[in-house]
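S.K.: A single structure is presented below for examination.
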Amino acid sequence: MREITMGRESLDRAVGGIKSKHSIIGREIELRKALICANAHRHILIEGPVGVGKTVLATAIADYLERPILRVDGDERYTEQKLTGWFDPPIVMQKGYNEESFIDGPLTQSMETGGILFINELNRLNEGVQNVLLPAMDEGKIEIPRIGTIYAKKGFLIIATQNPREFIATSSLSEALSDRFELLPLTYQNEDEERNIVETRTGIHDEHSTRLITEITRETRVHPFVRRGASIRAATSMASIIAFTERDIEDIRNAAYLALPTRMELREDSKKNVYEVIDEIIDKVVSRNPVSAEGKEDTGGPEDTAEGKDGEKKTIGR
Ligand SMILES: Nc1ncnc2c1ncn2[C@@H]1O[C@H](COP(=O)(O)OP(=O)(O)OP(=O)(O)O)[C@@H](O)[C@H]1O
Ligand SMILES: [Mg+2]
């Protein structure tokens with residue numbers, strides 16, 4: 017288990033190491049706060065709108081702490097038994113209800129190993145499942161019927177993520193559960209950082225195109241007819257789509273038509289349909305950034321992208 021030294025310099029070094037290992041752009045303040053919380057054995061809740069980097073940050077911190085990581089993806093059908101563990105019927109038939117027939121769930125496993133329980137979309141878990149977490153978080157123990165008390169080893173920590181309440185239709189976080197977390201809110205990053213993310217994730221270093229795409233995405237968040245704007249995923253997706261084209265304005269419009277409608281939601285009283293809204297946004301952004309042939313240079317390739325390193329190689333060309 018990695019110990020964190022809390023001096024300013026060592027914290028900055030730790031943050032720098034995490035950022036470069038996971039190709040994270042910006043977010044120094046948030047990473048520093050998360051490390052301080054982890055050092056104080058405080059459970060962390062990362063909250064923010066879709067695509068703002070919650071999962072990236074949570075997994076990077078968990079990885080840095082060098083502890084066993086168990087992941088739960090929250091949804092309404094996730095049960096208490098899945099979280100804590102269950103008795104395996106064939107073994108129960110042979111040996112009865114005891115530790116041998118009990119299969120640990122991720123909560124029990126992370127408590128017993130002093131590991132990290134990473135819960136994605138915490139507020140999608142139903143209330144019964146949320147309640148199971150309560151004694152584990154502040155008393156470091158849970159009761160398992162027929163087994164007894166399970167105690168958490170030093171190092172046990174929950175890092176959770178969730179969309180803010182207004183973004184989800186399902187259950188929200190109980191007051192008791194939110195009282196046991198330190199909150200790390202994430203908001204959209206600034207334009208330069210977002211453009212940098214698009215370039216890092218796609219390998220397209222054509223500033224003119226990535227600027228247009230990033231601005232178009234950001235405009236969806238402030239357009240009066242839009243209830244929920246698009247995330248950086250839309251910008252990254254548009255950049256990947258135009259990589260194989262001439263990257264003129266019609267290519268960008270086509271990419272926007274493909275990438276944006278599934279990622280933005282119009283207000284019910286919107287006077288325009290989604291394509292009209294996209295056209296309006298594109299016109300506005302283009303009028304700020306006149307299209308010029310010189311602007312469309314490409315100096316990068318997939319080799320120096322985050323995805324190029326980890327995943328399969330793609331050819332990005334024109
Ligand atoms: N600061 C960042 N640096 C580099 N890449 C980032 C950053 N923030 C987000 N990304 C990229 O944007 C995409 C969305 O990030 P992520 O999946 O972490 O978002 P999320 O907040 O967990 O979204 P959701 O609410 O849908 O679960 C990923 O491809 C991720 O790599
Ligand atoms: Mg996520």
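Just remember that the numbering used here sits 16 ahead of the position in the sequence shown, which is counted from 1.
Backbone N, C-alpha and C fix where the C-beta goes; we use that ideal spot for every residue, glycine too.
Mind checking whether GLN178 and LYS70 have CB atoms under 9 Å apart?
M.R.: On the sequence shown, residue 178 is found 162 positions in, with the first residue counted as 1. On the sequence shown, residue 70 is found 54 positions in, with the first residue counted as 1. Against a cut-off of 9 Å, the Cβ pair of LYS70 and GLN178 comes out as a contact.
S.K.: Suppose contacts are defined by Cβ-Cβ distances below 9 Å. Is TYR167 in contact with PRO65 by that definition?
M.R.: The count along the sequence shown starts at 1 and reaches residue 167 at position 151. The count along the sequence shown starts at 1 and reaches residue 65 at position 49. For TYR167 and PRO65, no; Cβs fall outside 9 Å.
S.K.: From the DSSP secondary-structure annotation, give me the bridge partner or partners of GLU159.
M.R.: As a position in the sequence shown, residue 159 is number 143, starting the count at 1. GLU159 pairs with THR165.
S.K.: Measuring alpha carbon to alpha carbon, tell me which residue in LYS37, GLU191 and VAL293 is nearest ALA246.
M.R.: Here the question's residue 246 lines up with position 230 in the sequence shown. The option with the nearest alpha carbon to ALA246 is VAL293.
S.K.: Span of the alpha helix (DSSP H) holding ASN55?
M.R.: The count along the sequence shown starts at 1 and reaches residue 55 at position 39. Residues 44-55.
S.K.: Relative to the C-alpha of LEU101, which residue among ILE107, LEU200, LEU86 and PHE118 is closest?
M.R.: Looking up residue 101 in the sequence shown gives position 85. The sequence shown places Gly at residue 101, rather than the Leu named in the question. Nearest C-alpha to GLY101: PHE118.
S.K.: Under 8 Å: does the beta carbon of ASN136 sit that close to some heavy atom of ligand 2?
M.R.: Sequence index remark: in the sequence shown, residue 136 carries index 120 (1-based). Yes, the Cβ of ASN136 comes within 8 Å of a heavy atom of ligand 2.
S.K.: For THR177, verify whether its CB is less than 8 Å away from any heavy atom of ligand 2.
M.R.: Within the sequence shown, numbered from 1, the residue matching residue 177 stands at position 161. Correct: THR177 has its Cβ closer than 8 Å to ligand 2.
S.K.: Kindly examine ligand 1 and report whether one of its heavy atoms sits closer than 8 Å to the Cβ of PRO65.
M.R.: Along the sequence shown, read from residue 1 onward, the residue named residue 65 stands at position 49. Under cutoff, so the answer is yes.
S.K.: Counting Cβ pairs, one atom from each stretch, are 3 or more of them under 8 Å apart for the segment 249-261 and the segment 223-230?
M.R.: yes
S.K.: Quick check on DSSP: helix, strand or coil for PRO106?
M.R.: Counting from 1 along the sequence shown, the entry for residue 106 is found at position 90. In the structure shown, PRO106 sits in a helix (DSSP, three-state: H, G or I).
S.K.: Would you mind listing the beta strand (DSSP E) stretches within the segment 71-155 that are 3+ residues and don't spill past its ends, in chain order?
M.R.: Counting only runs of 3 or more, we get 85-89, 101-103, 118-120 and 132-136.
S.K.: Work out the CA separation of PHE103 and ILE15 for me, nearest whole Å.
M.R.: Outside the displayed range of the chain (17 to 334) lies residue 15, so it cannot be described from this structure.
S.K.: Of the choices LEU27, VAL238, GLU63 and SER190, whose alpha-carbon is the least far from that of GLU143?
M.R.: For the purposes of this step, residue 143 is taken as residue 127 along the sequence shown, with counting starting at 1. It is SER190.
S.K.: Could you pull out every residue in the same chain whose Cβ sits closer than 6 Å to the Cβ of ASN359, ignoring the five residues on either side in sequence?
M.R.: One cannot answer for residue 359 here, as it falls past the ends of the chain, which runs 17 to 334.
S.K.: In terms of residue numbering, what span does the beta strand (DSSP E) encompassing THR177 cover?
M.R.: As a position in the sequence shown, residue 177 is number 161, starting the count at 1. First-last of the beta strand (DSSP E) with THR177: 173-178.
S.K.: Kindly indicate which three-state DSSP category VAL302 falls into: helix, strand or coil?
M.R.: Taking the sequence shown and counting its residues from 1, one reaches residue 302 at position 286. Taken through DSSP and simplified to helix, strand or coil, VAL302 comes out as helix.
S.K.: Could you please give the first and the last residue of the uninterrupted beta strand (DSSP E) stretch that includes VAL242?
M.R.: Within the sequence shown, the letter at position 226 stands for residue 242. Taken as a continuous stretch (DSSP letters only), the beta strand (DSSP E) holding VAL242 covers 242-244.
S.K.: If you draw a straight line from the alpha carbon of THR165 to that of PRO105, how long is it in whole angstroms?
M.R.: Working through the sequence shown from its first residue, we reach residue 165 at position 149. Working through the sequence shown from its first residue, we reach residue 105 at position 89. It is roughly 21 Å from the alpha-carbon of THR165 to the alpha-carbon of PRO105.
S.K.: Secondary structure at GLY311, three-state DSSP: helix, strand or coil?
M.R.: By one-based count along the sequence shown, residue 311 stands at place 295. Residue confidence is low: GLY311 scores 45 on pLDDT, short of 50, so the model does not pin down where it sits. Its coordinate-derived value is still stated next. DSSP places GLY311 in the helix class (H, G or I) of the three-state scheme.
S.K.: When every heavy atom of ligand 2 is checked, does at least one fall within less than 8 Å of the C-beta of THR203?
M.R.: What you label residue 203 is simply residue 187 of the sequence shown in a count that begins at 1. Distances from the CB of THR203 to the heavy atoms of ligand 2 are all 8 Å or more.
S.K.: Can you have a look at ASP222 and say buried or exposed, based on whether 16 or more other CB atoms are within 10 angstroms of its CB?
M.R.: Numbered from its first residue, the sequence shown carries residue 222 at position 206. Counting Cβ neighbours within 10 Å, ASP222 comes out buried, since at least 16 surround it.
S.K.: Can you have a look at ARG335 and say buried or exposed, based on whether 16 or more other CB atoms are within 10 angstroms of its CB?
M.R.: Residue 335 is absent from the model: the chain starts at 17 and stops at 334.
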